[in-house]
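Just so we're on the same page, the working numbering is the position in the sequence shown counted from 1, plus 388.
Glycine included, every Cβ here is placed at the ideal spot set by N, Cα and C.
First the structure, in the form of C-alpha cells, and then the observations on it.
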Amino acid sequence: LLLQESLVRTFTPFYFLVEPLDVLAVRGGSVIMNCSAQCETPPRIEWRKDGSFLNLVSDDRRQLLPDGSLLINSVVHSKHNKPDEGYYQCVATVDSLGTIVSRTAKLTVAGLPRFTSQPEPTSVHRGGSAVLGCEVSAELAPLLRWERDRQALAPEPRLLQLPGGALLLSNASDTDTGLYRCALDSPGGPKYSEEAELKVLPDAEEPQKLVLLKPPSSLSRLPGQSALFPCVAAGFPPPLVRWTRNGEELPTDGEKLFWRLLPGGVLEIRAVAEADAGTFTCIAESGNDTLEAQAELAVQVPPTFLKRPANIYAHESMDIVFECEVTGKPTPTVKWVKNGDVVIPSDYFKIVKEHNLQVLGLVKSDEGFYQCIAENDVGNAQAGAQLIILDLDVAIPTLPPTSLTSATNDHLAAAPAGPLPSAPRDVVATLVSTRFIRLTWRPPASDPHGDNLTYSIFYTKEGINRERVENTSRPGETQVMIQSLMPETVYVFRVVAQNRHGPGESSAPLKVATQPEVQLPGPAPNIRAFSSSPTSVTVTWETPLSGNGDIQNYKLYYMEKGQHTEQDVDVAGLSHTVQGLKKFTEYSFRVVAYNKHGPGVSTHDVVVRTLSDGNAAPLLTILGSILLQWQPPPAGTQSGQITGYKIRYRRVARKSDVSESVAGTQLSQLIEGLERGTEYSFRVAAMTINGTGPATDWVSAETFESDLDESRVPEVPSSLHVRPLVTSIVVSWTPPENQDVVVRGYAIGYGIGSPHAQTIKVDYKQRYYTIENLDPSSHYVITLKAFNNVGEGIPLYESAVTRPHSVPDPSPMMPPVGVQASILSHDTIRITWADNSLPKNQKITDARFYTVRWKTNIPANTKYKTANATTLSYLVTGLKPNTLYEFSVMVTKGRRSSTWSMTAHGTTFELVPTSPPKDVTVVSKEGKPRTIIVNWQPPSEANGKITGYIIYYSTDVNAEIHDWVIEPVVGNRLTHQIQELTLDTPYFFKIQARNSKGMGPMSEAVQFRAGLGSWGPSLPSPTLPGSNSPHGSPTSPLDSNMLLVIIVSVGVITIVIVVIVAVFCTRRTTSHQKKRQRSGCLKIPCGTVPPLRSSAGISPHSHSSKTISALPLPNIFLLNYPPTQQQVCRDLELASQHPWEDTGDKQRMPQGSCNKITAKITARER
C-alpha cells in the first residue's frame, strides 16, 4: 500500500496569477495586455489574437514582456486596416504537463475623434437649468471635457457631465454667461467642438410652459457601476422633479444609501445591484402641468462559477465527468477546452446536465488540463482542473465522488494483496439488436461459483483504441446489457472479473456486429440530372450498394422549387426523362428504391434548372470576371446553321447593357473587366444567316469583392446547427472564419448512423437547408463541408434524432398570473404580470405576445379596449380621472392563445374639476325678500369627489374676483341661502366646485334682483291703472279717486313701518357688532390660527350672522369668524408673504403679521 501511494502522481498547481482585461486604446498609443501564470516549472507564455497565435519573434511593434504580458507599441487603426483591434487570449504551456488558457480580453481602439453633435447657443433664466449638447462615441466619452471662454471648467455641484458627453448646468447665475465648447483629448492633441454662447436671462415673471430639456435614456450597467438618469425640466413656476421605479415612489431624501437626486433632476444610482433593474419614470410638475418620461435600467452580470471543475484521478477505460455550474445575466454559454484546444462533442466527449463534460472510455492521451469557459455579452471567465490517468495496478486515492460516475466506484480504494481471479469463460452475445447487445459468461475457473465476484465489461468499436467500461450492478451477476450502440457496427468486448484483491485476467476479445437498422434498400448512388430541353430533365442513377434483396422498382420524385407538393413516377430501369416541365425553372429530383420490404432510403435531392430557349448560365465567377456557358438551341428550332452568339450583359438595376459576339462553335465566354462585388445579368441569343433568334432569360451572377485564394481547400465551417422535426431536419451553419479562401458551395452529407449515405450540394450564399423525407424516430448523422474547385474541406459533424410520429397535443397556454394595476396619474395605469410558462428569469425568447384589455363599468354596456405588448408590462393611457377600471391579460404564441387572466382593478387619480357646476338658479325665499336661495347641480366633469363649493356674489359683474363676497358650502349640498341682501339691488352669482386636487372653473354669472324675485337685468315697473298707456282703456273719475285714496293710505303706512324697522335694525346691528368684537378674530391669540391653505386673490365678504366652518380650500383662507370680520380675508395677503410655522394641529403666523391684520380689523370696525 505504501508503495502504491508513492507511485501516485500529485496534482500540479498551474494557474494564472493575472489575466488580461478588456482595454481601450487610442490610435498611435501604446497598450499592455497583462498576463502572468504560476507553476513549479516556469511556463511558456504565448498569445492568441482572434483564435490565432501571434508570431512575436519578427514583430517590431508587439513584444512579450518578461512576466508574460503583451506590449503593443504605436497602435494601428484605420478604416480598412485594424490589425490590433480584436480578442486576445494568453496561453501558458508547461511541457509534459499541459496547457491552460486565460479569459478572453477585448482590445478596442478608439476611432478618429469626431463629434456626433455640437453645442448650440442656449439661453436660460436665472435659477433655471440648461443642457449643452456635445455627443461623442461611447469609447471616447471618458476623454471629453468642457471649457468656458476657453478655460477649463472648475468642478462644482451645479455642473454635471452626462454619460453621453452633454453638460448639465443647474441653478444658473449671471456668472455662467459665456462661450462654451467641449474638448476631446487624444495623443495627437485635443480636438475642440464649435463654441456656443450661453445667455443667462433675468428671473422669469410670466408662467412658462413646462418642457423636458433632457429626458432619461435606457441604460445597461454591470453590478457595482453607477447609473445617471437625467430629467432636466424647464418652465415657470420652477418645476419639481420626482422619480418612481416600477410605479413606486423612489425615496431620494437619503432613506436609501445608493439613490440620490442631483441638481437638475438627475437621478444617480451608485453601486448598481441586480435588484435595481426596472423601469424608472421621472415626473416633472410645474403648476398644473405634468410631464413624464421613462427609461429602463438593465443590469447585466458577467459569468461567475457556482461550481468549479475538480481534479480527477482515473484509470483507462473509465468514464469521468467534469462538473461546471455557472450563472450570469444573460445566461452564459459554456465551452470546454483541453490543453488549450476546444473540445468538440463526439461519441466520447459529451456535454451532460447542461454544462458538465463527460469523457467516455478514457485513454492515456486524455490526460491534461480541462477548462470550463463561460461567456455572455458582458464578460467571460474560466476555471480548470487536471486529469491524471494512473496505471491499472495503482489504486485511485479517495476523492470527493462528484467527479466520477457510479461505474467507477470500485476503483476508489486500494485492495489488499491476495490471489486474483482468472479470466471469465464462454463470453457470448445472447441478444444482438440494432442498438444494444446482451452478453453472458461463466465465472472464472479459479472461482467456479463466483458469488463474490463483480465484473467489468470493456468494449470499443473495431479499429478504435478507446475502450469504455460497464460494471455489473451486483456481485455474482454474469450478464450485462450494453446499450446506446450504433447500428451495423462491429464492437469488440472483453470481460474482467474482480474480487476483493483486485481485477483479474481479461477474457479473450469477442467481436459482435449490431444489426442493420432496417432490411430495406439503401440510397441509389451517383444520381445525376440534366436538362435535355427547355421542358424536360433526364435523371440517371445506379443500383443501391446495400440492396437487401432484389430491387423491384424505383420511384422518381420531383418538385418545382418553391412548391410544397412532390410528384412521382414509377421507373423500372436506372434512368428516366421527365417531360412537360416549365422553361428555365429549377426542379429537385430524388430516387427511392423498392424491394419486397418496401421503400428504401431516399437519395439526396439534386437540383437542376430547365433550359431556356438558349440556355445561358454563368458557371464560374473570378475576381472582376465571370465565365458564361450555354447550350445551343434544340436542333429542330435553329432555323439554319448557327453562325454566332450575341451576349448582352449589364449591372443589375441598370437599363443600359453591353453586347459581345462570339463564333457559332463557341459555347462559353469569359466576361472580363467587371467591377468587384457587383451583380451582373446576362442573356444569350443565337445568330444565323437569317438573323438573330430569341434571347434567353436574364441570369445573374456576382463578382467577388476581393482577391481570394483558391490554391487550397476551404477551412471547416465555423458552426453547424440542426433542428430535427418528424420527417425532416433543418440544418443551418456559418461560413469558415478565414474568409481569404474561395468557397463555391457546401456539401451536406447525411444518413442513418452514417453521414455518407447521401450528399447534397448547395450554393455558397446559402446558410440553411431542410433535409426532407426522413424516417421518424431515427438517429441521423450529418456532415457539412465547404468546397471549391480544389476540393472539399474538413467536415463538421453533428447528429440528431427525428421526432416520433405521435407527437402529443401541445399543452394549452397558461394565462398570465399576478396581474397588477399600478396607478401612475389621473389618466395612466401601468399593468404588469408574470408568465409561468417562461423561465425563472422571465426572459421572453420566442415570438409570443400579450393582449391587454380594459374597460370601466360606467356605463354598464362599455366595450373592452385592447392593446398588444411584447413585454411583461403595458402602460395604459388616455383614461378618465377618478374612474375604476378592470384589466385582464391573455398570452398568444403562434396559433395558441390562453384564456383571460384574473381581473385586476385600479382607480385613476383625481383631477381638478374641468367643468363648472351646472343648472345654477337663484330664487327668493318666500316671506323673506332679503333672503335668496341658490340651487345648482354638480359639474358634469367632476373628476373626483366634490368636497365643497364656493358661491361668489357681487353687485358689480366686472369687479375683480377677489372683491366678490364668498360663501363656502360643503360638498354634499346643492342649495344654499344667502341673507341680508339689499332690496331692489341687482346681484350677480357664480359658483366654483372643488375636490381633493383643487378648484374647478367658475360658472357663468347669473343675475338676480333682491326683493323683486326677477331674473336678469332689472325689469321696468308695471304700468299703474290710470296711467296713460297706448294700449290701456279709459277709466272713470270715481275709480281714479278711490285709487288715489288707497295709494296715499298705503304710502303713509309704509313710511311708518320703514321708520320702525330702521330704528330696530340700527339697535340690533350695534349690539351684534359688539358681540362680534368680543367673539371674532380679535379673540384669537396672536400667532395662532387654525390650519389653512394659503393664496392671494380671493376675499370673502359675508353678511351672514352664522360662523362659517373652515374648509381646506386651496388658494383661500377661511376662518371661523362672524360676518363683519370677513374683511380680514382681504388682508390675509399680508400673511402669505411670511412663512407659517407648523406646530402640529395649528399653524403659527408671525407675530408682526397678526398685529398688522388685527390693526386693520380694528380700523375697519371703527
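Which residues DSSP lists as bridging residue i, in chain order
| i | result |
| --- | --- |
| Val884 | Ser844, Ser894 |
| His1364 | Val1322 |
| Glu407 | Its beta-bridge partners do not exist; DSSP assigns none. |
| Glu434 | Val479 |
| Gly1079 | Thr1076 |
| Pro1374 | Arg1397 |
| Met1390 | Gln1380 |
| Phe1275 | Trp1242, Ala1292 |
| Ser1225 | Paired residues: none, contrary to the question. |
| Thr877 | Answer by DSSP bridge pairing: none, since Thr877 is not bridged. |
| Ser1069 | Arg1038, Ser1088 |
Contacting residues, own chain, Cβ-Cβ under 7 Å from residue i (five flanking each side not counted)
| i | result |
| --- | --- |
| Ala795 | Caution applies to Ala795, whose pLDDT of 39 falls short of 50 and renders its modelled position unreliable; the value that the coordinates give is listed next. For Ala795, where only same-chain residues beyond five positions count, the Cβ hits under 7 Å are Asp707, Val857, Glu858, Asn859. |
| Asn634 | Gly666, Thr667 |
| Gly1002 | With a pLDDT of 49 at Gly1002, under the threshold of 50, the modelled position of that residue is not reliable, and no figure is offered here. |
| Gly1133 | Lys1149, Val1150, Asp1151, Tyr1152, Phe1175 |
| Ile777 | Ala702, His703, Glu704, Leu750, Lys752, Asp754, Glu755 |
| Thr608 | Note on residue identity: the sequence assigns Ser, not Thr, to residue 608. Cβ neighbours of Ser608 beyond the five flanking positions: Ala686, Gln688. |
| Gly1266 | Asp1215 |
Neighbourhood of residue i by C-beta, 6 Å cutoff - its chain only, sequence neighbours within 5 removed
| i | result |
| --- | --- |
| Thr487 | Thr481, Asn727, Gly728 |
| Ile671 | Arg630, Glu680 |
| Ala592 | His513, Phe624 |
| Lys738 | Gln746 |
| Pro913 | Glu930 |
| Ser1497 | Bear in mind that a pLDDT of 36 at Ser1497, under 50, signals an unreliable position, so the number given afterwards is only what the model happens to contain. Excluding sequence neighbours, Ser1497 sits near nothing in its chain. |
| Trp386 | Nothing about residue 386 can be read from this structure; the chain reaches only from 389 to 1554. |
| Ser1415 | With a pLDDT of 35 at Ser1415, under the threshold of 50, the modelled position of this residue cannot be trusted, and the question is left open. |
| Ile1338 | Ile1354, Pro1356, Gln1380 |
| Ser558 | Ser517, Arg546, Pro651, Gly652 |
| Ala1188 | Val1110, Pro1112, Ile1117, Tyr1168 |
Presumed contact (8 Å Cβ cut-off) between residue i and residue j, rounded CB distance
| i | j | result |
| --- | --- | --- |
| Arg1191 | Val1114 | 5 Å |
| His468 | Val497 | No, His468 and Val497 are not in contact; Cβ-Cβ is about 14 Å, not under 8 Å. |
| Leu517 | Gly652 | As written in the sequence, residue 517 is Ser, which differs from the Leu given in the question. With 8 Å as the limit, Ser517 and Gly652 qualify as a contact, their Cβ atoms being about 5 Å apart. |
| Arg826 | Gln867 | 6 Å |
| Val1300 | Gly1386 | 4 Å |
| Tyr476 | Pro431 | Not quite, the Cβ-Cβ distance comes to about 17 Å (not below 8 Å), so this is no contact. |
| Gln774 | Asn699 | 5 Å |
Nonlocal neighbours in the same chain, by C-beta distance under 8 Å from residue i, ignoring five residues either side
| i | result |
| --- | --- |
| Gly1294 | Ala1209, Ser1210, Ile1211, Ile1217, Leu1272, Tyr1273, Phe1275 |
| Ala661 | Pro611, Phe646, Val687 |
| Thr923 | Gln967, Gly968, Leu969, Lys970, Lys971, Thr998 |
| Lys337 | Here the chain covers residues 389 to 1554 and nothing more, so residue 337 does not appear. |
| Val816 | Leu827, Thr828, Trp829, Leu898 |
| Val599 | Ala621, Ala622, Gly623, Leu679 |
Among the options, nearest to residue i - alpha-carbon criterion
| i | options | result |
| --- | --- | --- |
| Ala960 | Met947, Gly653, Lys949, Thr931 | Thr931 |
| Glu974 | Met947, His992, Thr953 | Met947 |
| Ser1213 | Ile420, Leu532, Val1264, Lys752 | Val1264 |
| Ser1286 | Asp1307, Gly1359, Met1201 | Met1201 |
| Lys943 | Asp1344, Ile1448, Val927, Asp448 | Val927 |
| Arg978 | Gly767, Ser614, Glu1160 | Glu1160 |
| Phe1376 | Arg1382, Val1310, Ser1328 | Val1310 |
| Tyr847 | Phe824, Asp835, Pro1374 | Phe824 |
| Leu819 | Val1277, Ala615, Thr828, Phe404 | Thr828 |
| Val1394 | Asp1307, Glu473, Ser844, Val725 | Asp1307 |
| Tyr945 | Gly553, Asn1323, Ser963 | Ser963 |
Proximity test, residue i beta-carbon vs the ligand SAH heavy atom, cut-off 7 Å
| i | result |
| --- | --- |
| Ser484 | Only the bare structure without any ligand can be found here, which leaves the ligand SAH out of the picture. |
Touching by the beta-carbon criterion (3+ pairs, under 8 Å), the stretch 1226-1242 and the stretch 1250-1261: yes
Take every Cβ of the stretch 1102-1110, pair it with every Cβ of the stretch 1180-1187, and state whether three or more of those distances are shorter than 8 Å. yes
So, does the stretch 581-592 touch the stretch 540-552, judging by three or more C-beta pairs under 8 Å? no
If contact is defined by three or more beta carbon pairs under 8 Å, each pair taking one atom from either stretch, is the stretch 521-532 in contact with the stretch 431-440? no
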